[in-house]
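Student: Pasting in a structure now, in structure tokens, and then I'll have a few things to ask.
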Amino acid sequence: MRWRVAMTGGDVQLAGARPELLQSALDVLAQAGAEISINTDGIRVARNGAGIKPVSVTTAPFPGFPTDLQAQLMALMVRAQGASEITETIFENRFMHVQELARFGAKISLDGDTARIEGISNLRGAPVMATDLRASVSLVIAGLAAEGETMVNRIYHLDRGFERLEEKLQACGASIERISD
């Protein structure tokens with residue numbers, strides 16, 4: 076949810092969220108231009124629509140930036156005003172979502188374990204295919220920010236980690252629906 080707010084603008088309270096477990100991710104979101112505030116109910120994430128700032132991140136074991144959030148951050152950085160870099164140090168082949176983000180118009184180049192993302196002003200909707208849990212949510216984030224319609228296929232990956240995600244996003248104002256075959 077916090078990546079969607081950072082990507083599209085808005086304001087959301089993450090009730091029950093534990094900032095001590097998310098500090099490195101929250102720090103990166105703040106660097107990118109999101110407003111982060113910790114309160115007794117959890118974490119509030121907001122972005123007033125100002126431009127997304129590029130960041131450079133290297134994944135690392137806790138308490139470093141989590142590899143499990145690398146794909147979501149990459150989706151955010153495709154809209155940054157400038158170039159970002161994400162270096163993946165934990166898992167090989169964790170950049171499988173790059174080709175799918177390119178379908179939205181993203182400009183991402185790979186050099187070994189580092190992705191360089193050139194931010195663009197607008198994404199265009201596209202049919203995309205989820206390759207794993209983390210990639211699937213990055214595609215949803217990009218799709219929510221894209222102009223036009225996006226169809227995310229192979230969402231069984233998404234369902235493994237996010238229960239009723241479309242309902243939660245609808246509650247935040249997203250135009251999203253699940254289509255069954």
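Count the sequence shown with this note's numbering and you get residues 76 to 256, in order. All residues carry an ideal CB built from backbone N, CA and C; glycine is no exception. Fair warning: this is a prediction, and the values are worked out from it, not measured in the lab.
#1: Beta-carbon within less than 6 Å of D86's beta-carbon, same chain only, minus the 5 sequence neighbours each way: which residues are those?
#2: Beta carbon of V153, beta carbon of A109: below 7 Å?
#3: A109 by DSSP, collapsed to three states: which one?
#4: Mapping DSSP to helix, strand and coil, what is T142?
#5: CA-CA distance, Q228 and T133?
#6: Grab me the residues of G139's own chain with a C-beta within less than 8 Å of its C-beta, minus the 5 sequence neighbours each way, in chain order.
#7: Identify every residue that forms a DSSP beta bridge with R122.
Tutor: According to the structure shown:
#1: Around D86: A121.
#2: No, the Cβ-Cβ distance between V153 and A109 is not below 7 Å.
#3: DSSP places A109 in coil when its eight states are reduced to three.
#4: Looking at T142 - three-state DSSP - the assignment turns out to be helix.
#5: Here residue 228 turns out to be Asn, not Gln, going by the sequence shown. Within the model, the alpha-carbon separation for N228 versus T133 is close to 29 Å.
#6: Excluding residues within five positions, the ones whose Cβ falls inside 8 Å are S99 and T133.
#7: According to DSSP, R122 bridges with G85.
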